[in-house]
Structure formats: C-alpha cells, structure tokens
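A.B. asks: Before we start, here is the structure in question, set down as structure tokens.
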C-alpha cells in the first residue's frame with residue numbers, strides 16, 4: 006500500500022502528467038519533473054522539419070531537415086527533400102548554415118529522402134536515410150557516411166527493409182564527437198512497424214527495437230547485433246539475427262513513427278522521446294533509464310489539455326530531441342529541439358530544466374556483455 010501511495014505522490018508532483026494518461030512505465034525515481042521556459046522559444050527555417058542533431062568534433066552541431074529550404078529558406082525558397090545543416094554558437098546566440106541543400110547551400114543536395122538519426126564519431130558524420138516522405142520512408146533504411154563535415158555523402162550498399170519491420174531508425178547520442186560513451190558500441194533504435202499503414206501515425210501496440218555495432222564498423226551490416234532480452238541477472242542478450250530480437254521499449258498506446266534517444270551525463274540517464282496515442286498532436290512521452298536497454302521509467306507523458314506546448318504554441322508537434330552541447334554540466338538545464346506540422350513545420354528550440362529527485366538513481370556499472 007505504501008508503495009502505491011508513493012507512486013501517486015510522485016504523479017501529483019509532476020504537474021504536466023495527468024493521472025488519466027496511463028503511461029506505460031512507473032514514474033522516474035531520478036527525475037521528478039520537467040519545466041519549459043517558453044520565453045526562450047526560437048523558431049527558424051519555416052517549412053523545414055525534423056532536425057535530429059549531433060555534436061561534432063569541430064564543436065559545431067549538425068542536423069538533418071526535410072522538405073524545405075533550411076536556414077534562411079522557406080517551404081518553397083531553396084526547398085529540398087533532404088538537407089543537412091551546421092549550427093554554430095551557444096544556446097542563446099547561434100546561427101544555422103546550410104551545408105548540403107537548401108537556400109544558398111555550401112554544397113548541393115545530391116539525393117532526396119528523410120533522416121531521423123544523425124551522429125558524429127571519430128570525426129565522421131553518419132545519418133540514417135529513408136527514400137522519401139511519409140510511409141515511403143518505411144521502404145528501407147540505409148546508413149550514410151560523410152568524412153568532410155556533410156559536404157558529400159556515401160550510402161551503405163545494404164539497408165534494413167520494410168519486411169523486417171525495422172523502420173525510422175535513430176542513433177543514441179553522447180557528447181562531443183561521441184565522447185562519454187559507455188563502451189565501444191554505437192546504439193541504434195528502430196520503430197517496429199505495425200501493419201501496413203498508408204499514412205503516418207503511431208504504431209499500436211508500440212514497440213521499439215535496439216541494435217548495436219562497434220564504432221569502427223558502422224558501415225558493416227554483419228557487425229550489427231540486436232537486443233534479444235535480458236538474462237536472469239538483468240544483463241542484455243544480443244543476437245546477429247534480427248528475427249530473434251525482442252523489444253527494448255513497449256507502450257500499448259503506441260509509439261510514434263519516429264523517436265530520439267540521448268545520454269545526459271549530468272543526470273547519468275538515457276532519455277527517450279516519442280509520441281503516443283496519436284500523431285501531430287504534441288503527445289510527448291519522455292522516458293529515462295540507467296542503460297540503453299532500460300529499465301525505463303516515465304519522466305513526462307503529456308495528454309489532453311496538457312500536451313506539449315499547450316497554451317504556448319500550436320499543439321501539432323511530433324518530434325523532439327535534446328542538444329547535448331547545450332546541456333548544463335549538471336544535466337539539469339537543457340535545450341529541446343522540436344518540430345511539427347503547420348506553424349511548427351520549422352526549426353524550434355526551447356530551454357527547460359529537470360527537477361531532480363533527492364535520491365537520484367546511480368549510474369549503472371553493468372557490463373555490456
């Protein structure tokens with residue numbers, strides 16, 4: 006009984022999470038709440054959406070966008086299907102430059118598509134690529150590589166395909182140039198395709214899959230291993246056969262058709278953001294864990310009148326990810342990037358802070374196995 010009273014008290018403390026929302030995991034014992042400072046909201050690049058971001062070796066950030074002209078462009082001016090940008094500066098004073106595609110680009114875009122996962126490791130940029138907009142991107146996912154700061158890109162000769170139900174991958178981000186990683190692996194998360202939808206929507210029941218690959222062999226398909234559950238000691242099992250994979254995250258109310266995952270070194274927590282229940286409505290689910298594979302707990306689960314941005318912006322967002330460069334050293338203060346449809350079809354940043362619980366969960370020292 007005391008345990009349930011404790012959980013109820015934690016839910017009440019977290020004002021942004023109505024009790025009726027029924028999140029899929031118990032409340033976080035590390036993060037007690039989230040506050041956004043909407044006076045810091047910045048909107049740029051109207052008509053260009055998505056914006057997964059990574060922190061590179063040159064201390065700049067790089068991000069991918071879709072269907073617009075990027076920084077300085079509009080939905081029509083400089084429009085490309087897929088663009089890549091560099092963001093220079095700190096959180097209060099930054100500027101974006103179109104590296105690959107967009108208005109007045111440094112380099113022309115050479116192919117279209119979409120990307121929801123980018124990374125810099127060992128000075129090399131990577132991005133996951135899908136061949137088009139909407140559910141066309143479910144067809145296949147290929148990793149692309151750039152050794153010249155995004156000026157040119159080379160696609161892998163292989164990809165994950167729709168029949169495998171591995172779609173819209175993202176990449177777990179750590180610090181600058183992948184500093185602070187837990188081990189020698191790069192971790193990739195995939196939405197598990199449900200059914201054969203003709204439109205973008207949440208996937209019900211919601212399942213997310215996890216793969217890992219050594220940093221030195223990112224472009225080698227045979228080096229990838231998939232999460233296959235945990236053993237009795239809670240250690241992850243891995244398999245080279247994607248048919249033997251097990252979901253690393255589940256939500257009966259669904260997960261979005263995209264997601265982001267990053268590590269907050271100050272809080273020593275992995276943070277996963279995705280939609281639930283319906284798309285394009287600001288239904289942000291934010292979850293944390295001590296390891297890339299969990300166990301997950303709920304930080305924020307917006308619903309009803311309290312969806313993301315309610316009363317501040319149009320409630321039409323669908324993708325959120327953290328800028329690891331703009332985290333405070335203690336991990337409490339952050340900048341969240343987000344995008345959506347209509348007025349939110351753009352680059353958006355908003356500053357915020359985590360309310361840390363008195364007894365923050367310790368960092369795991371469990372071996373990767």
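Residue numbers (this note's numbering): 6 to 374. Don't be surprised by glycine CBs; every beta carbon is placed ideally from N, CA and C. All figures in this text were calculated on a predicted structure; none of them were measured in a lab.
(1) Is it a yes or a no for the region 305-325 touching the region 265-282, going by three-plus beta-carbon pairs under 8 Å?
(2) What does DSSP give as the partner residues of residue 294 in its beta bridges?
(3) Taking residue 66 as part of the beta strand (DSSP E), name the residues at either end of that continuous run.
(4) With a cut-off of 8 Å, do at least 3 Cβ pairs link the region 190-202 to the region 280-290?
(5) Measure the alpha-carbon distance for residue 234 versus residue 275 and round it to whole angstroms.
(6) What runs of the alpha helix (DSSP H), each 4 residues or longer, lie entirely inside the region 230-272?
(7) So, are the CB atoms of residue 167 and residue 190 less than 8 Å apart?
(8) Please report the residue range of the beta strand (DSSP E) in which residue 339 lies.
(9) Rank 339, 227, 188 by C-alpha distance to the C-alpha of residue 296 and give the top, closest one.
(10) Hey, out of 260, 81, 271, whose CA is closest to residue 291's CA?
(11) What are the start and end residues of the beta strand (DSSP E) that includes residue 190?
(12) Relative to the C-alpha of residue 50, which residue among 344, 30, 318, 210 is closest?
(13) Checking the sheet assignment: what are the DSSP bridge partners for residue 94?
(14) Can you name, in chain order, every residue of its own chain whose Cβ lies under 6 Å from the Cβ of residue 93, other than the five neighbours on each side?
(15) For residue 349, count neighbouring C-beta atoms within 10 Å of its own C-beta (all shown protein chains included) and say buried if the count is 16 or more, exposed if not.
(16) Are the region 176-188 and the region 202-210 touching by the rule of at least three beta carbon pairs closer than 8 Å?
(17) Flag this pair as yes or no: are the beta carbons of residue 157 and residue 356 separated by less than 8 Å?
(18) To the nearest angstrom, how far is the alpha carbon of residue 123 from that of residue 177?
(19) Using a Cβ-Cβ cutoff of less than 6 Å, which residues in the same chain neighbour residue 48 once the five nearest sequence positions on both sides are dropped?
(20) For residue 305 versus residue 361, is the C-beta spacing smaller than 8 Å?
(21) Based on the DSSP output, what are the partners of residue 76 in its beta bridges?
(22) Could you check if residue 71 is buried or exposed, using at least 16 other CB atoms within 10 Å of its CB as the buried criterion?
(23) Assuming residue 226 is part of the beta strand (DSSP E), what are its boundary residues?
(24) How many angstroms separate the CA atom of residue 174 from the CA atom of residue 228?
(25) I need the straight-line Cα distance from residue 212 to residue 87, nearest angstrom please.
(26) On the criterion of 16 or more Cβ atoms from any shown chain inside 10 Å, does residue 280 qualify as buried, or is it exposed?
(27) Please classify residue 33 as buried or exposed, where buried requires at least 16 neighbouring CB atoms within 10 angstroms.
(28) Taking its Cβ as the centre, do 16 or more other Cβ atoms sit within 10 Å of residue 61, making it buried, or is it exposed?
C.D. replies: On the basis of the coordinates in this document:
(1) yes
(2) 275
(3) 66-73
(4) no
(5) 18 Å
(6) Not a single unbroken stretch of the alpha helix (DSSP H) spanning 4 or more residues falls wholly within the region 230-272.
(7) no
(8) 338-345
(9) If you compare the alpha carbons of 339, 227, 188 with that of residue 296, the shortest gap goes to 188.
(10) 260
(11) 190-197
(12) 344
(13) 99, per the DSSP bridge assignment.
(14) 65, 100
(15) buried
(16) Here the region 176-188 does not lie against the region 202-210, with fewer than 3 beta-carbon pairs under 8 Å apart.
(17) Contact: no.
(18) 9 Å
(19) 351, 353
(20) Taking 8 Å as the Cβ cut-off, residue 305 and residue 361 do not qualify as a contacting pair.
(21) BP columns for residue 76 are empty, so no partner.
(22) buried
(23) Unbroken run through residue 226: none, as it is neither H nor E.
(24) Pairing residue 174 with residue 228, the inter-Cα distance amounts to about 17 Å.
(25) 27 Å
(26) buried
(27) buried
(28) buried
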